[in-house]
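Contents: one structure, followed by commentary.
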Amino acid sequence: MKVASVIVDVPAKQTDRAFDYLIPAEWQDSIQPGMRVVVPFGPRNVQGFVIDIKAESEFQKLREIIEPMDLEPVLNQELLALGDWLTEETLCYKISAYQVMLPPALKAKYEKKVKLASGVKSTDLPSVLHPFFLKKDCLDWAEVLNNRLVPLMQKEVAKGHLEVLYQVKEKVKKKLVKIVRPHQSTDQLQMAAKELPANAEKQKQVLNYFIHCNEPIEVKQLISELNVSSTTLKTLVEKKLLREEEIEVYRNPYKNRTFERTSPLPLTEAQRNAIKPILNSIETNHHEVFLLFGVTGSGKTEIYLQTIQKVIEKGKEAIVLVPEISLTPQMVNRFKGRFGDLVAVLHSGLSAGEKYDEWRKIQRKEVKVAVGARSAIFAPFENIGIIIIDEEHETSYKQEDMPRYHAKDVAIERARNHNCPVILGSATPSLESFARAQKKVYRLLSLPVRMNNQPLPSVEIVDMREELRAGNRSMFSRKLFELLKDRLEKKQQSVLFLNKRGHSSFVMCRDCGFVVTCPNCDISLTYHRAGSRMKCHYCGYESYVPKVCPECSSEYIRYFGTGTQKVEDELGKILPEARVIRMDVDTTGRKGAHERLLKDFQDGKADILLGTQMIAKGLDFPNITLVGVLSADTMLHLPDFRSSEKTFQLLTQVSGRAGRHQLPGEVIIQTYSPDHYSIKLAETQNYDLFYQQEMMVRKIHHYPPFYYLTIITVTHDELMAAVAATEKIVTYVRSQLSSQAVVLGPAASPIPRINNRYRYQCLIKYKREANLTKTLKTILDQHQNHAKNGLHVSIDVNPFILM
Ligand code: ADP
Ligand code: ZN
Ligand code: ZN
Numbered sequence: 020m021k022v023a024s025v026i027v028d029v030p031a032k033q034t035d036r037a038f039d040y041l042i043p044a045e046w047q048d049s050i051q052p053g054m055r056v057v058v059p060f061g062p063r064n065v066q067g068f069v070i071d072i073k074a075e076s077e078f079q080k081l082r083e084i085i086e087p088m089d090l091e092p093v094l095n096q097e098l099l100a101l102g103d104w105l106t107e108e109t110l111c112y113k114i115s116a117y118q119v120m121l122p123p124a125l126k127a128k129y130e131k132k133v134k135l136a137s138g139v140k141s142t143d144l145p146s147v148l149h150p151f152f153l154k155k156d157c158l159d160w161a162e163v164l165n166n167r168l169v170p171l172m173q174k175e176v177a178k179g180h181l182e183v184l185y186q187v188k189e190k191v192k193k194k195l196v197k198i199v200r201p202h203q204s205t206d207q208l209q210m211a212a213k214e215l216p217a218n219a220e221k222q223k224q225v226l227n228y229f230i231h232c233n234e235p236i237e238v239k240q241l242i243s244e245l246n247v248s249s250t251t252l253k254t255l256v257e258k259k260l261l262r263e264e265e266i267e268v269y270r271n272p273y274k275n276r277t278f279e280r281t282s283p284l285p286l287t288e289a290q291r292n293a294i295k296p297i298l299n300s301i302e303t304n305h306h307e308v309f310l311l312f313g314v315t316g317s318g319k320t321e322i323y324l325q326t327i328q329k330v331i332e333k334g335k336e337a338i339v340l341v342p343e344i345s346l347t348p349q350m351v352n353r354f355k356g357r358f359g360d361l362v363a364v365l366h367s368g369l370s371a372g373e374k375y376d377e378w379r380k381i382q383r384k385e386v387k388v389a390v391g392a393r394s395a396i397f398a399p400f401e402n403i404g405i406i407i408i409d410e411e412h413e414t415s416y417k418q419e420d421m422p423r424y425h426a427k428d429v430a431i432e433r434a435r436n437h438n439c440p441v442i443l444g445s446a447t448p449s450l451e452s453f454a455r456a457q458k459k460v461y462r463l464l465s466l467p468v469r470m471n472n473q474p475l476p477s478v479e480i481v482d483m484r485e486e487l488r489a490g491n492r493s494m495f496s497r498k499l500f501e502l503l504k505d506r507l508e509k510k511q512q513s514v515l516f517l518n519k520r521g522h523s524s525f526v527m528c529r530d531c532g533f534v535v536t537c538p539n540c541d542i543s544l545t546y547h548r549a550g551s552r553m554k555c556h557y558c559g560y561e562s563y564v565p566k567v568c569p570e571c572s573s574e575y576i577r578y579f580g581t582g583t584q585k586v587e588d589e590l591g592k593i594l595p596e597a598r599v600i601r602m603d604v605d606t607t608g609r610k611g612a613h614e615r616l617l618k619d620f621q622d623g624k625a626d627i628l629l630g631t632q633m634i635a636k637g638l639d640f641p642n643i644t645l646v647g648v649l650s651a652d653t654m655l656h657l658p659d660f661r662s663s664e665k666t667f668q669l670l671t672q673v674s675g676r677a678g679r680h681q682l683p684g685e686v687i688i689q690t691y692s693p694d695h696y697s698i699k700l701a702e703t704q705n706y707d708l709f710y711q712q713e714m715m716v717r718k719i720h721h722y723p724p725f726y727y728l729t730i731i732t733v734t735h736d737e738l739m740a741a742v743a744a745t746e747k748i749v750t751y752v753r754s755q756l757s758s759q760a761v762v763l764g765p766a767a768s769p770i771p772r773i774n775n776r777y778r779y780q781c782l783i784k785y786k787r788e789a790n791l792t793k794t795l796k797t798i799l800d801q802h803q804n805h806a807k808n809g810l811h812v813s814i815d816v817n818p819f820i821l822m
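FYI, in our numbering the residues of the sequence shown are 20 to 822.
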C-alpha cells in the first residue's frame with residue numbers, strides 16, 4: 020500500500036493541510052512528490068499537489084487518487100519545501116503558495132496531450148505503444164488514462180521520447196513547423212538521384228541538396244531556397260526518400276532580433292574589488308547577501324554578467340530579477356548578448372503560451388539563466404549558483420495579493436537552500452537593505468563612480484511658486500522651456516517625466532472647488548481625454564464629464580492638473596516644431612508598443628520623449644542631454660511613510676537618464692516643495708545624507724527599518740460593522756503582544772471606501788514578537804467563519820502599500 024499526502028485546491032482554513040489518499044496500484048510507481056493529481060474531495064473532484072509519498076497513513080478508510088495530472092513533477096523538492104516557508108512567512112494557504120510558483124498555463128483550465136518528441140519515431144517506443152502513435156503523433160490525456168499507459172509513458176518521457184503538452188483551451192498550442200528530412204542514407208539518395216528521369220530536374224535538385232547537407236530543414240525554407248514546389252517534395256516523400264514531420268518551435272518573443280554577442284569587459288579596479296568577494300562566495304558555495312551600491316552607469320550589470328559566467332562555468336544556474344518596467348529589450352539584449360540561447364526571459368508581456376515555453380526551457384535544463392520580473396524567482400532550477408536582484412529597492416518585487424511575498428525574501432531563502440550568493444543591486448538602496456548592510460548582515464560593495472568617470476548630470480531645482488509669482492502659469496518653468504528650445508536647436512533629445520498616468524488629472528469646478536469623485540470609492544475620478552470620460556481606477560466606474568458643476572451649476576468645471584495628454588497638448592502650443600513621443604499606459608497598452616516607441620525615439624524620430632515612470636528606467640540613449648521632471652511633488656504627498664524615499668529614488672533614477680555618454684547632461688526638477696530634503700538631496704544625488712536624514716525620521720516615528728510593520732485591513736459594506744470588527748481585532752492584538760509593540764487603530768484606511776466597502780485598518784509596529792504569527796493566524800481563522808456576514812479581513816506582513 021502506498022499513500023500520497025496531497026494539498027488540495029480548496030483555499031480555506033480547514034483544508035490548509037495535507038490529506039492522505041491511496042495511490043491505486045497501477046500508479047504506485049508513477050506518482051511522485053511535486054506532481055499534480057485529481058482527487059475526490061467531499062462530493063467534488065479537485066486538483067491537488069502531492070507533497071509526500073509514504074507507506075501508510077494514520078487515518079483509516081482512505082479514498083483513492085482519481086488520476087495523475089503530470090508525468091513528471093512540476094515542482095521540485097526545494098520548491099515544495101519553499102511552499103511551507105512561504106505559507107508561514109506570508110500567512111497564505113499552502114495551495115496558493117504552490118500555485119504562485121507555476122506558469123499560468125499550468126494553473127488555468129488545461130488540455131493535455133502526450134506527443135512524440137521531435138525526431139522520435141513511433142518505432143522507437145516499446146511495441147505496446149506503437150498502435151497509439153501509428154496515425155498521429157499526439158495522444159489525448161484521456162486516452163493515456165483509459166489505456167492505463169501512465170507508467171510506460173513516464174519511462175518514455177524520462178528517455179526524452181515523449182513529451183507532455185499543456186494546452187489552455189486551445190490557446191496555448193505549441194508552435195509547430197513542418198520540416199523535411201532525408202529518410203534514406205546518402206548513398207541511397209545518390210542512387211535514387213541517378214535513377215530519376217532526365218526531366219525530373221527539380222526532384223534531382225532537392226535530392227542533391229540532401230546529399231550535400233544531411234540535415235532537416237523547414238519545408239517553407241527549402242521551397243523558397245531551391246525554388247521548388249510542394250508537389251516535388253510530396254513526390255519524394257511518397258517515394259520514401261524524404262520524410263516530412265512537424266516539430267515544435269518555441270515561440271520566441273525575441274526571434275526577429277539578432278543579438279550581437281558580447282564578451283566580458285576587462286573590469287575596472289572598482290569593479291574588480293566589488294566582484295572578488297562574490298566570486299569567492301560562488302567558488303566556496305557559501306551563502307551571503309551582497310548589496311551592490313552604485314550609481315546608474317557604474318558598471319553593475321557587467322558585474323552581474325561576469326558572476327553569472329562563473330556560475331555557468333561551475334555547471335550551475337542563475338536567476339536575475341529586474342523590475343517589470345525595466346525588462347526592456349535593452350536590458351534583455353545584455354543578457355542574451357552574453358549568454359545567447361542559455362537565457363530564458365519571463366515577463367508579463369508574454370502570452371501564457373510563451374511563458375510556458377520559457378518555463379519549460381528552465382524545467383528541462385535547456386537554459387542556465389532566467390531573467391524575469393518578480394515571479395521568475397520561482398524558476399524551477401535545481402542547482403542555483405547565484406540570484407541577482409537589480410533595482411532592489413523597487414516596490415514591484417512585493418506581490419500585493421495572496422501570497423503577499425517579497426521576491427527579495429524568497430531569493431534569500433532559496434539562496435540559503437542552495438548555498439549560493441545573492442546580489443542586491445541599486446543606486447538608491449531601500450533603507451531596509453542599506454541598514455542591514457550597515458549592520459553587516461549584508462555585505463556592502465560600492466561602485467562610487469560612473470564608467471569612464473562620466474560626471475553625474477548637473478541637477479537644478481526650480482521653485483514653481485516663484486514661477487507663479489513671476490506670472491508664469493504654464494506647467495513649464497522658464498528655465499525648462501529655454502533648455503527644451505536649446506536642445507531642439509542642437510538636435511539633441513530631451514526626456515520629460517511626469518509621475519504616473521493622469522495622477523492629478525481630476526475634474527474640478529474652478530468656482531466652488533467641487534471635485535468629481537467615484538460614487539463607490541472615496542477617490543477622485545481620473546480624466547481621460549478619449550471620449551471626454553472620467554474613470555475610477557479602483558472599481559472601473561466610468562462617466563462623462565459634467566457640463567455644469569453638480570454643486571453650484573457653474574460652467575467652469577473642467578479637468579485639472581497635468582496628465583501626460585495635457586502636457587503633450589501644451590508642448591504642441593509652445594514648441595510646435597518639436598516632435599513628441601508620448602509613453603504612458605494609454606499609448607503602450609498593445610503588445611510591443613512599448614518597444615516600438617522606444618525604438619522610434621532611439622532612431623531619432625522624435626525630439627522629446629514624454630512619459631510616466633515607465634520611462635524612468637533602462638533608457639540609455641547617447642543623444643539624451645536633458646531630463647525634465649515636471650512635478651516632483653506628486654509622490655511626496657502620498658499617505659505613505661516611504662513617500663520621501665520613493666521621491667528621492669525616483670528623482671535619482673530619472674536624473675541618471677541624462678548624459679550617460681559623451682554629451683554632458685542637464686536635469687531640471689520642478690517642484691512646489693524645493694526645501695524638502697528628499698528633493699534637495701536629489702540635486703546632489705547624495706544618497707548617504709539622504710539615508711541619514713530619512714533614518715532619523717523613521718526612528719522617531721517607529722517605522723522600518725527600526726520596526727517591522729504588519730497591517731490588518733477589515734472591509735465591510737456597513738461602516739459600523741467595519742469599525743466594530745477592527746476595534747475587536749485591535750484589542751485582541753494588544754492583549755497578545757508585548758508592551759514593546761505599537762498597535763494602532765481602528766483607523767480609516769487612506770482610501771476609506773472601495774467599491775462600496777468601508778475599509779478600516781489596524782497597524783502593528785514591532786521589533787520581535789514571538790507570539791505574532793500565532794496571533795495573526797488566529798485572527799484569520801476566526802474571521803474566515805465570519806465571511807458569511809460580509810466581513811473580510813486581510814493581513815499584509817511587511818506591507819509596501821499602506822492604503
Ligand atoms: P549599471 O548597471 O550600473 O547601470 P552598466 O553595467 O550598464 O552600469 O555600465 C555602464 C556602461 O559602462 C555600459 O555601457 C557598459 O557596457 C560599460 N561598462 C561596464 N563595465 C565596463 C568595463 N569594465 N569597461 C568598459 N566599459 C564598461
Ligand atoms: Zn461648482
Ligand atoms: Zn470606484
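Backbone N, C-alpha and C fix where the C-beta goes; we use that ideal spot for every residue, glycine too.
Computed from a predicted model, the values in this text were never measured in an experiment.
* Asked: At a cut of 8 Å, does the stretch 806-817 reach the stretch 725-740 through at least three beta carbon pairs?
  -> At 8 Å Cβ cutoff, the stretches touch.
* Would you kindly work out how many angstroms separate the C-alpha atoms of Q584 and K504, rounded to a whole number? => Cα-Cα distance, rounded: 20 Å.
* To do: Assess, as a yes-or-no matter, whether the stretch 664-684 is touched by the stretch 739-759 under the definition of 3 or more beta carbon pairs within less than 8 Å.
  => no
* To do: Using only alpha-carbon positions, find the residue among I576, V646, D89, E264 that is nearest to D156.
  => E264
* To do: Could you tell me whether the stretch 351-363 touches the stretch 296-303, where touching means 3 or more Cβ pairs closer than 8 Å?
  => no
* Asked: Just to check, is the beta-carbon of M210 closer than 6 Å to a non-hydrogen atom of ligand 1?
  -> no
* **Assigned secondary structure, D707 (DSSP; H/G/I helix, E/B strand, else coil)** => helix
* Asked: Alpha carbon to alpha carbon, what distance is there between S76 and V25?
  -> 12 Å
* Length of the line joining the Cα atoms of L487 and K417 -> 40 Å
* To do: Please go through the stretch 472-533 and give each complete beta strand (DSSP E) segment of 3 or more residues, from N-terminal end onward.
  => Fully enclosed beta strand (DSSP E) runs of 3 or longer: 477-482, 512-516, 526-528.
* To do: Output the boundary residues of the alpha helix (DSSP H) element that contains D103.
  => 96-109
* Asked: What distance in whole Å lies between the Cβ atoms of G404 and L340, which are believed to be in contact at a cut-off of 8 Å?
  -> Their Cβ separation, rounded to whole angstroms, is 15 Å, which puts L340 and G404 out of contact at 8 Å.
* Could you pull out every residue in the same chain whose Cβ sits closer than 8 Å to the Cβ of L502, ignoring the five residues on either side in sequence? => S513, L645, G647, E685, I687
* To do: If I'm right that C540 touches I773 with Cβ under 8 Å, what's the distance once you round it to whole angstroms?
  => 5 Å
* Please confirm whether any heavy atom of ligand 1 lies closer than 6 Å to the CB of G684. => no
* Compute the minimum distance between the beta carbon of M825 and the heavy atoms of ligand 1, and state whether it is under 6 Å. => Residue 825 lies beyond the stretch modelled for the chain, which goes from 20 to 822, so this question has no answer here.
* **Separation of I85 from I42, as counted between CA atoms** => Rounded to the nearest angstrom, the two C-alpha atoms are 9 Å apart.
* To do: List the endpoints of the continuous beta strand (DSSP E) containing N64.
  => First-last of the beta strand (DSSP E) with N64: 63-73.
* **Start and end residues, beta strand (DSSP E) containing I331** => For I331, there is no enclosing beta strand (DSSP E); the residue is part of the alpha helix (DSSP H) that begins and ends at 319-332.
* Bounding residues of the alpha helix (DSSP H) (the contiguous stretch that carries P296) -> 288-302
* **Distance CB(P399)-CB(N95) smaller than 7 Å** => yes
* Quick one: which unbroken alpha helix (DSSP H) runs of 4-plus residues sit fully inside the stretch 195-228? Chain order, please. => 205-214
* Asked: Can you find a heavy atom of ligand 4 that lies under 6 Å from the Cβ of T315?
  -> Within the structure as shown, ligand 4 is missing, the only ligands being ligand 1, ligand 2 and ligand 3.
* To do: Quickly, what does DSSP pair C157 with across the bridge? List them, please.
  => K134
* Asked: Which term fits D622, buried or exposed, when burial requires 16 or more other beta carbons within 10 angstroms of its beta carbon?
  -> exposed
* Quick one: what does DSSP say A7 is sitting in, helix, strand or coil? -> Because residue 7 is not part of the residues shown, which for the chain are 20 to 822, the question remains open.
* Asked: If you follow the alpha helix (DSSP H) that V351 is part of, which residue opens it and which one closes it?
  -> 348-358
* Assigned exposure category for Y40 - 16 Cβ within 10 Å defines buried -> buried
* Indicate the three-state DSSP secondary structure (helix, strand or coil) for V586 in the structure shown. => helix
* Between K32 and the rest of its own chain, which residues show a CB-CB distance below 6 Å, the 5 nearest in sequence each way excluded? -> Here the set comprises D800, Q803.
* To do: Note the first and the last residue of the continuous alpha helix (DSSP H) segment covering E614.
  => 612-621
* To do: Assign F78 to one of two classes, buried (16 or more other C-beta atoms within 10 Å of its C-beta) or exposed (fewer than that).
  => exposed
* Own chain partners of L324 with C-beta closer than 6 Å, once the 5 adjacent residues on each side are dropped -> R357
* Would you give the residue range spanned by the alpha helix (DSSP H) that P170 belongs to? => 169-178
* Whose C-alpha, out of P122, L181, A116, is nearest the C-alpha of L148? -> L181
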